[in-house]
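Residue numbers (this note's numbering): 25 to 140.
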């Protein structure tokens with residue numbers, strides 16, 4: 025979730041938000057539904073806008089780590105990234121940054137975007 029409207033114009037940019045969070049109803053690790061809030065001091069890395077990607081969360085300054093990045097052709101290529109724990113908190117007791125997907129790269133089966 026983010027309170028920031030997605031934009032692919034204006035080049036690549038990180039956008040600040042104190043309201044953004046990640047959540048999963050089902051994950052590779054078999055955990056119950058989880059909500060991951062943004063870490064203190066990481067609000068400026070909350071979301072990432074780039075015309076090459078769909079929803080992206082937790083993109084660091086150097087572009088090396090991203091808590092969650094969905095590519096434009098996410099259902100046909102495996103360059104979606106999940107490396108949780110950089111800008112967003114891992115769930116209590118979780119140390120594996122790939123707990124959502126089982127690895128750093130994954131193929132998307134389905135995702136939904138809602139406006140609230």
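We put the beta carbon where it would ideally sit given N, CA and C, even for glycine. Remember, predicted model here, so these are calculated numbers, not experimental data.
Residue 133 burial status per 10 Å Cβ neighbour count (16 or more: buried): Numbered from its first residue, the chain shown carries residue 133 at position 109. Result: exposed.
Reference residue 31; option with closest CA among 62, 76, 65: Here residue 31 corresponds to residue number 7 of the chain shown, with the count starting at 1. Ranking 62, 76, 65 by Cα distance to residue 31 puts 76 first.
Closest by C-alpha distance to residue 129, when choosing among 115, 103, 136, 137: The residue labelled residue 129 in the question sits at position 105 within the chain shown. The shortest C-alpha separation from residue 129 is found at 103.
Those residues which DSSP pairs with residue 105 across a bridge: Counted from its first residue, the chain shown places residue 105 at position 81. DSSP lists 93, 129 as partners of residue 105.
Span separating the alpha-carbon of residue 61 from that of residue 107: Here residue 61 refers to the residue found at position 37 when the chain shown is read from its first residue. Here residue 107 refers to the residue found at position 83 when the chain shown is read from its first residue. Taking the straight line from one Cα to the other gives about 15 Å.
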